[in-house]
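Trainee: Sharing a structure here in structure tokens format.
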């Protein structure tokens, strides 16, 4: 009996949503057939009043059963398999709370920025971590405006970079891009840009050669600098994001007003990857 009690005592049941005292009482119930509340309260060192409350809770969870006899009230443990069901329910509740908290934090952050005007900045490093920038674009669900750099394709490879871009497309998010005219650019862009929810403005091949992608979505500006070890950041600031969009619009209009713009693209060779 001592070994059994010791083994049971070492098991953590709080993941199923039980409080510390509820877990202690339930584990003690498991050690013998029936318990009277006074006896159980003494064994786990809590007051009788609290013990009754906890036992009623365990009954409501389906982990214990109340036995009414002509003599005294007693309780017994029910099958602990119920804990698995409670674990799954608790996990779903936790996921819901996390999503609600994430939404609420974004709203609180916007209110904070309006008052304090201090942008929140997050940093990212390396291939796997940078993916979080693209995932954040999906979660924000706002149109994306960005200046494209070929360095992203050099760093990730065409297929991997394409898959990262498609995260937004697959979630119905519109995109607006300034893209260089190079042999890596898509020659069939007129057909495929519609499929990819993209409005493209061409840049001459030597207009923008820096290995840095700039973009804005929602209240956020993002920067990805590609090198041997890529670095990225998200700056959450409504005014900074809006400033980028205004600059983007100026560049877009400036490009399209040039007499030579209608000749672009002249170097594009790649067929777009549609999937």
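Residue numbers (my numbering): 314 to 588. Note that the Cβ used here is the ideal one computed from N, Cα and C, for glycine as well.
So what does residue 341 bridge to, in DSSP terms?
Mentor: Walking along the chain shown from the start, residue 341 turns up at place 28. DSSP output for residue 341 lists no bridge partner at all.
Trainee: Using 8 Å as the Cβ pair cut-off and three pairs as the minimum, do the segment 334-347 and the segment 370-388 touch?
Mentor: When Cβ pairs closer than 8 Å are counted between the two stretches, the segment 334-347 is seen to touch the segment 370-388, the count reaching three or more.
Trainee: Looking only at C-alpha atoms, which of 398, 347, 578, 379 sits nearest to residue 496?
Mentor: Within the chain shown, residue 496 is the residue found at index 183, counting from 1. The shortest C-alpha separation from residue 496 is found at 578.
Trainee: Cα-Cα, which of 500, 515, 472 is closest to residue 573?
Mentor: Walking along the chain shown from the start, residue 573 turns up at place 260. When each option's Cα is compared against that of residue 573, the closest is 515.
Trainee: With a 10 Å radius around its C-beta and 16 neighbouring C-beta atoms as the bar for buried, classify residue 533 as buried or exposed.
Mentor: On the chain shown, residue 533 is found 220 positions in, with the first residue counted as 1. So residue 533 counts as buried.
Trainee: Using CA atoms only, rank isn't needed, just tell me which of 428, 465, 429, 478 is closest to residue 449.
Mentor: Translated into the one-based positions of the chain shown, residue 449 becomes position 136. For the residues 428, 465, 429, 478, the minimum Cα distance to residue 449 belongs to 478.
Trainee: Grab the span of the alpha helix (DSSP H) containing residue 566 for me, first residue to last.
Mentor: In the chain shown, counting from the first residue as 1, residue 566 sits at position 253. Going by DSSP, residue 566 is part of the alpha helix (DSSP H) stretching over 551-569.
Trainee: Check whether the segment 512-531 touches the segment 485-492, counting contact only when three or more Cβ pairs, one atom from each stretch, lie closer than 8 Å.
Mentor: The count of Cβ pairs closer than 8 Å, one atom from the segment 512-531 and one from the segment 485-492, reaches three, so the stretches are in contact.
Trainee: Give the secondary structure of residue 528 by DSSP, where H, G and I count as helix, E and B as strand, and everything else as coil.
Mentor: As a first step, residue 528 must be located in the chain shown, where it is residue number 215. Of the three classes helix, strand and coil, the one that applies to residue 528 here is strand, per DSSP.
Trainee: Of all the options 555, 334, 531, 502, which has the alpha carbon lying nearest to the alpha carbon of residue 583?
Mentor: Residue numbering aside, residue 583 sits at position 270 when the chain shown is read from its first letter. When only C-alpha atoms are compared, the closest one is 502.
Trainee: So, is residue 549 buried or exposed, given that buried needs 16 or more other C-beta atoms within 10 angstroms?
Mentor: Along the chain shown, one-based indexing puts residue 549 at 236. Under this definition residue 549 is a buried residue.
Trainee: Check whether the Cβ atoms of residue 396 and residue 329 lie closer than 8 Å to each other.
Mentor: The residue you call residue 396 lines up with position 83 of the chain shown. The residue you call residue 329 lines up with position 16 of the chain shown. Yes, the Cβ-Cβ distance between residue 396 and residue 329 is below 8 Å.
Trainee: Does the beta-carbon of residue 401 have 16 or more other beta-carbons within 10 angstroms, so that it is buried, or is it exposed?
Mentor: Numbered from 1 along the chain shown, position 88 holds the residue referred to as residue 401. A residue is called buried when at least 16 other Cβ atoms come within 10 angstroms of its Cβ; residue 401 does not meet this threshold and is exposed.
Trainee: If you draw a straight line from the alpha carbon of residue 360 to that of residue 354, how long is it in whole angstroms?
Mentor: Reading the chain shown from its first residue, position 47 is the one you call residue 360. Reading the chain shown from its first residue, position 41 is the one you call residue 354. Roughly 6 Å separates the two Cα atoms.
Trainee: Kindly provide the ranges of any beta strand (DSSP E) runs that are 3 or more residues long and lie completely inside the segment 425-496, ordered along the chain.
Mentor: 433-438, 457-460, 488-493
Trainee: Taking residue 388 and residue 331 to be in contact with their CB atoms under 8 Å, please state how far apart those CB atoms are, rounded to whole angstroms.
Mentor: Residue numbering aside, residue 388 sits at position 75 when the chain shown is read from its first letter. Residue numbering aside, residue 331 sits at position 18 when the chain shown is read from its first letter. That belief does not hold up - the Cβ atoms of residue 388 and residue 331 are roughly 16 Å apart, past 8 Å.
Trainee: Measuring alpha carbon to alpha carbon, tell me which of 474, 466, 508 ends up nearest residue 484.
Mentor: Walking along the chain shown from the start, residue 484 turns up at place 171. Here the closest residue by C-alpha is 508.
Trainee: Give me the Cα-Cα distance between residue 437 and residue 469, rounded to the nearest whole angstrom.
Mentor: Counting from 1 along the chain shown, the entry for residue 437 is found at position 124. Counting from 1 along the chain shown, the entry for residue 469 is found at position 156. For residue 437 and residue 469, the distance between alpha carbons rounds to 15 Å.
Trainee: Would residue 437 pass as an interface residue toward chain B - the criterion being a Cβ-Cβ separation below 8 Å?
Mentor: Protein chains in the displayed structure number just one, and chain B is not present.
Trainee: How do the segment 520-533 and the segment 460-467 stand: do at least 3 beta-carbon pairs fall below 8 Å, yes or no?
Mentor: yes
Trainee: Taking the C-alpha atoms as reference points, what is the distance between residue 568 and residue 559?
Mentor: Translated into positions along the chain shown, residue 568 becomes position 255. Translated into positions along the chain shown, residue 559 becomes position 246. Between residue 568 and residue 559, the C-alpha separation is close to 14 Å.
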